[in-house]
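Below is one structure, written out as structure tokens, with a few remarks after it.
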Amino acid sequence: QLAAARAELEEAQRAKAAMATERDAARAEAESKRNHSLELVEAQKAKGALLLQVEMLRSQLADARAQAQDAAARLSSAGLDHVDRDARAGLEAAWHALVNCGLEQMRQALSAAGVRASALTALAP
């Protein structure tokens, strides 16, 4: 009987150790899920902030286009629409460099926030 009791005790101890291992694994998995949830919340906040920035940039771009059209109309009405081609090309190059740099930074920030390219193209006007 003593041998059977010892065998039963050893089996119970092995079962206890296995259950402790399972418990630790379950805790680790739960912690991992909590961390992923927190990361998801942060990513969603960042995405929301970036989308607001995109809207602000779109608004600024629309304003800039309106101002450019207004300026072009004033130059045309004043007979000054023949601005030096080199000067105009330089201004256009500077404008494109500025806008493209900002757009690239926005793409990188959106990518870092987890916004996929398909979502970016869906935002395009």
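Everything in the sequence shown is counted per my numbering, starting at 1 for the first residue and increasing by one. Cβ coordinates follow ideal geometry from the N, Cα and C atoms, glycine included. Only a predicted model underlies this, so the values are computations on that prediction, with no experimental measurement involved.
Status (buried if at least 16 other CB within 10 Å, exposed otherwise) for residue i
i      : result
LEU110 : buried
Between the CA atoms of residue j and residue i - distance to the nearest angstrom
i      : j      : result
GLN10  : ALA26  : For the record, residue 10 in the displayed sequence is Glu; it is not Gln. Their Cα atoms are separated by approximately 24 Å.
ALA89  : LEU75  : 17 Å
GLN105 : GLN13  : 59 Å
ALA68  : GLU55  : 20 Å
ALA15  : HIS36  : 31 Å
THR21  : ARG34  : 20 Å
LEU52  : ALA46  : 10 Å
GLU92  : ASN100 : 12 Å
LEU120 : ALA72  : Confidence at LEU120 is low in this model, with a pLDDT of 46, below 50, so the placement of that residue should be treated as unreliable; the coordinate-derived value is given next. Spanning the two alpha carbons is a distance of roughly 31 Å.
LEU61  : LEU38  : 34 Å
PRO125 : ALA78  : In this predicted model, PRO125 has a pLDDT of only 46, less than 50, meaning its place in the structure is not dependable enough to derive any value.
Alpha helix (DSSP H) segment containing residue i, residue limits
i     : result
GLY48 : 2-77
8 Å contact criterion, which residue i and residue j should meet: CB distance rounded
i      : j     : result
ALA113 : LEU40 : That belief does not hold up - the Cβ atoms of ALA113 and LEU40 are roughly 11 Å apart, past 8 Å.
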